[in-house]
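To start, the structure itself, in structure tokens.
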Amino acid sequence: MYAAVVRSFDSAAKYEMFETPNPDGKHEILVDVVAAGLHPRVRSQANGSHYTSKEELPLIPGIDGVGRLEDGQLVYFVAPDTSFGTFAEKSVVDLRRSVPLPEGADPVQIAAAMNPAMSSWVALCRRVEFQQGQKILILGATGNSGQMAVQIAKLLGASQVIGAGRDQERLHSLPALGADAIVSLVGEPEEVADRLGEAASEVDIVIDYLWGKPAESAMVPLLKRRSDRSRKLSWVQIGSVAGPTAAIPSVALRSANFQVIGSGQGAVSTAGYVAELPALIDAIASGKLNVNAVSFSLSKVEEMWDAPISHEQRVVFIPTK
Ligand SMILES: NC(=O)c1ccc[n+]([C@@H]2O[C@H](COP(=O)([O-])OP(=O)(O)OC[C@H]3O[C@@H](n4cnc5c(N)ncnc54)[C@H](OP(=O)(O)O)[C@@H]3O)[C@@H](O)[C@H]2O)c1
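The sequence shown lines up with residues 1 to 321 when you count with the UniProt record's numbering.
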């Protein structure tokens, strides 16, 4: 079969012939891959930097996708934890990690949206005791996951959603997705932290795709302005595009009911993720979430790998295009 193949953690995946993987055990079958998204998580899998990396090469990247079963049924699936991912004509599906798509669902939209959407959906449904009417700040709201988080927070019943991000054009497009307020992250760190503190001191939950300095410097200003510091603030760490570490001032944890947790593979079990898939697929397939996808033939994988990364549209590869 043709596949995107990574032979070195330092170079792009290349489109080449590769041995077709074999299903193993009663739950696994081979499917035709219809569409698979190039998520940041796929890039970190392919350069060996993701925390789940086993450093085994060669590997076929791709962590999820839409496949077609022998009887024609389309399924969304999360790839098994092996070196054979979804950027290939065929992929192994563990049926326990797959969900049938409803009639008429667009495979490209599903492949583009599931990973970024799952980040906030699972965080809100599995990691915090989110209640309708609560207020949420999305740090890093201009990326694909952040834009989804704005929409999902609203869909699940948040009363106020504040989106914070750098890119001014995308930041100003967030109200059309449901954001009640926006905060620019452009400027001196103290100035930015102050702005965040002012706009978001009463939120119940922070969904954080940034971490690093922006998270570190925003915590205290946000807590300081809170009208009741004993009201819980849950800070959910999801991505780390601004840095892998953030120093949490001890006073932040003592002087307020402040909880820092994470949401991702490991913090939530595979079964936990799979349980959330049908409702999320329905939300995407029924058009409740705005998805920004662009598709290319998988044969273009090397070119797209090295192209400037778009935070606006999620690239989806189609093996048979
Ligand atoms: N834990 C999970 O379950 C899970 C699931 C999905 C994604 N993630 C992680 O979440 C993060 C975002 O994913 P994504 O899908 O949104 O990626 P994306 O579409 O590529 O967007 C990345 C965003 O990060 C912003 N950014 C990058 N560096 C920044 C910095 N130094 N300061 C402020 N903003 C910065 C970009 O800002 P500009 O708009 O200004 O360019 C862009 O909006 C990634 O780390 C990804 O691995 C985690």
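Here a beta-carbon is modelled for each residue, glycine too, at the ideal position from N, C-alpha and C.
The model shown is predicted, which means the values in this text are computed figures rather than measured ones.
Can you check whether the CB of I63 is closer than 7 Å to the CB of A79?
For A79 and I63, yes; Cβs fall inside 7 Å.
Return the CA-CA distance between V316 and A112, expressed in angstroms with no decimal places.
6 Å
My understanding is that I162 touches A200, with C-beta atoms under 8 Å, so please give their C-beta distance in whole angstroms.
Confirmed, about 5 Å.
For Y273, report the span of its alpha helix (DSSP H) as first-last.
T270 to A285
For the region 140-186, list the alpha helix (DSSP H) runs that are entirely contained and at least 4 residues long, ordered along the chain.
144-155 and 168-177
For V241, verify whether its CB is less than 6 Å away from any heavy atom of ligand 1.
yes
Tell me the start and end of each unbroken alpha helix (DSSP H) in the region 29-59 that is at least 4 residues and wholly inside, in chain order.
40-46
Starting from A3, follow its DSSP beta bridges and name the residues at the other end.
E16 and A88
Secondary structure at G67, three-state DSSP: helix, strand or coil?
strand
Continuous beta strand (DSSP E) stretch holding R314: start and end
R314 to I318
What residues in its chain sit with their C-beta under 8 Å from that of S230, if we drop five residues either side in the sequence?
A256 and N257
Taking C-alpha atoms, which residue in A215, K135, A3 and Y76 lies nearest to E101?
Note that residue 101 corresponds to Leu in the displayed sequence, not to Glu. Of A215, K135, A3 and Y76, the residue nearest in Cα terms is Y76.
Is the closest heavy atom of ligand 1 to the C-beta of L210 under 6 Å?
Relative to ligand 1, the nearest heavy atom lies less than 6 Å away from the CB of L210.
Whole-Å CB distance - A34 paired with P107, under 8 Å assumed
The question names Ala, but residue 34 in the sequence shown is Val. Yes, V34 and P107 are in contact; Cβ-Cβ is about 5 Å, under 8 Å.
Assuming G239 and G140 form a contact by the criterion Cβ under 8 Å, report the distance between their Cβ atoms to the nearest whole angstrom.
6 Å
Give the straight-line distance between the Cα atoms of S49 and E55, rounded to the nearest whole angstrom.
9 Å
Simplified DSSP assignment, three categories, for G266:
coil
Sort out for me which residues DSSP pairs S250 with in a bridge.
For S250, DSSP records no beta bridge to any residue.
Determine the DSSP secondary structure at K135, reduced to helix, strand or coil.
strand
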